[in-house]
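Enquirer: Attaching a single structure in structure tokens format; questions to follow.
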Amino acid sequence: MDPGSHHRVRVSHVESPHYFCVQTASWCDGPLDRMQKDLWRSAWNQPIGDDNPGTPVGPLTLTEGLRCSAVSFRHNAWVRVQVDRVNDDGKVQVFLLDWGGTEKMNRSQLRSLPEHCQKIPPIALRCFLPDLRPTGDDSRWSSSTCEFMADYLVGKFCFITQSKDSGRESQDSGVIPVEVFVGSSARLLSNFRDVLIKQGLALPRRKIEGNLELVRVRKQCEQAPDESLICNLNKTPALITGGKREQNRGTQLWW
């Protein structure tokens, strides 16, 4: 993402104003769903052991950083993940490469990742809102702020633009400083940081001179008036029911 460029995205995961994830809109129009169905087919085509039908033959050697496919009960789909940690109790903590956020899983939920899916960079972009701080004396974001942001943004389409960060090193951490613009039409777009401030859920770290970026984004949106800026997240079709394989109807390979 280049500084100053605007991108239509869907917010897929929110932890706080200082950490959330988005997916580019081009992946949300079908390719992501097709890739997940491809992972589902690949997983169920792998041989399984007779002693434990839920575990593949030749279990994966789970190491930190390993990328594989896994069934996510949070998203009810097969997704790409990266192993963060293998706990002593056998649980595996993974990062969801295309959705963001972490999830604890059993080993039986993991499968080898098809080679062609290994070459695709993670879809989820990790972002934060710069120059904001929590209200009061607490240095941590309140649960009410995080819940408000999640309810407001998750599953919605919006525009983001990369911004400057005056308060933290973002390049080394791989988290991108962005401005988020939301609204039902180009003329009604507003900067989400202003929404948090007006709700009394955040304070600015420094004064922002003017709002030229908002004007620029509005003009860009007016050039594509037919695009819906906010819509509900299309739920991924149920692929797992009671741990049993379902019929795969009408799916095609996405690549």
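For reference, each letter of the sequence shown is one residue, going 977 to 1231 in our numbering.
Positions of the beta carbon are idealized from the N, C-alpha and C atoms, including for glycine.
Here the structure is a predicted model, which means the values were calculated and not measured.
Just checking my contact of Val-1057 with Leu-1072 at CB under 8 Å: how many whole Å lie between their CB atoms?
Expert: 6 Å
Enquirer: What does DSSP give as the partner residues of Leu-1179 in its beta bridges?
Expert: Arg-1109
Enquirer: Does DSSP put Ala-1100 in a helix, in a strand, or in coil?
Expert: If DSSP states are grouped into helix, strand and coil, Ala-1100 belongs with coil.
Enquirer: Is Trp-1075 near His-1051, with beta carbons less than 8 Å apart?
Expert: yes
Enquirer: Which same chain residues, not among the five before or five after Trp-1089, have their C-beta less than 7 Å away from its C-beta?
Expert: Per the sequence shown, residue 1089 should be read as Leu rather than Trp. Result list for Leu-1089: Arg-1043, Cys-1044, Ser-1045 and Arg-1056, in chain order.
Enquirer: With a threshold of 16 other CB atoms inside 10 Å of the CB of Pro-1106, please say whether the residue is buried or exposed.
Expert: Pro-1106 is buried by the Cβ-count criterion.
Enquirer: Sorted by chain position, which residues of the same chain lie with C-beta nearer than 8 Å to His-989's C-beta, five sequence neighbours on each side aside?
Expert: Around His-989: Phe-996, Cys-997, Leu-1072, Trp-1075, Gly-1076, Gly-1077, Ala-1100 and Val-1130.
Enquirer: Is the separation between the beta-carbon of Arg-1010 and that of Phe-1133 shorter than 8 Å?
Expert: no
Enquirer: Taking buried to mean at least 16 other C-beta atoms within 10 Å of its own C-beta, is Ser-981 buried or exposed?
Expert: exposed
Enquirer: In three-state DSSP terms, what is Asp-1014?
Expert: helix
Enquirer: DSSP three-state label for Lys-1080, please.
Expert: strand
Enquirer: For Glu-1155, which residues does DSSP report across the bridge?
Expert: Thr-1137
Enquirer: Mapping the DSSP letters down to three states, classify Val-1121 as helix, strand or coil.
Expert: The amino acid at residue 1121 is misidentified as Val; the sequence shows Thr. Residue state, collapsed to three classes: helix.
Enquirer: Assuming Phe-1124 and Gln-1175 are in contact, meaning their beta carbons sit under 8 Å apart, how far apart are those beta carbons, in whole angstroms?
Expert: 7 Å
Enquirer: With a Cβ-Cβ cutoff of 8 Å, do Arg-1181 and Leu-1108 count as a contact?
Expert: yes
Enquirer: According to DSSP, simplified to helix, strand and coil, what is Pro-1032?
Expert: Because Pro-1032 sits at a pLDDT of 47, beneath the cut-off of 50, its placement in the model cannot be relied upon, and the point is left open.
Enquirer: Beta carbon of Pro-993, beta carbon of Leu-1164: below 8 Å?
Expert: no
Enquirer: If you follow the beta strand (DSSP E) that Leu-1172 is part of, which residue opens it and which one closes it?
Expert: No beta strand (DSSP E) contains Leu-1172, which is instead part of the alpha helix (DSSP H) from 1168-1174.
Enquirer: Looking at C-alpha atoms only, which residue of Ser-1084, Glu-1040 and Arg-1061 is the closest neighbour of Ser-1048?
Expert: Ser-1084
Enquirer: Can you tell me whether DSSP reads Ser-1002 as helix, strand or coil?
Expert: helix
Enquirer: Distance check for Arg-1017 and Asp-1170, CA to CA, integer angstroms please.
Expert: 44 Å
Enquirer: Between Ser-1166 and Val-1158, which are expected to be in contact by the criterion C-beta below 8 Å, what is the C-beta distance as a whole number of angstroms?
Expert: 6 Å
Enquirer: Is the Cβ-Cβ distance between Phe-1168 and Val-1151 less than 8 Å?
Expert: no
Enquirer: What would DSSP say about Asp-1064, mapped onto helix, strand or coil?
Expert: DSSP, reduced to helix, strand and coil, places Asp-1064 outside both helices and strands of the structure shown, so it counts as coil.
Enquirer: Have a look at the DSSP bridge pairing and note the partners of Ala-1046.
Expert: Val-1055 and Leu-1086
Enquirer: If you draw a straight line from the alpha carbon of Arg-984 to that of Ala-1001, how long is it in whole angstroms?
Expert: 6 Å
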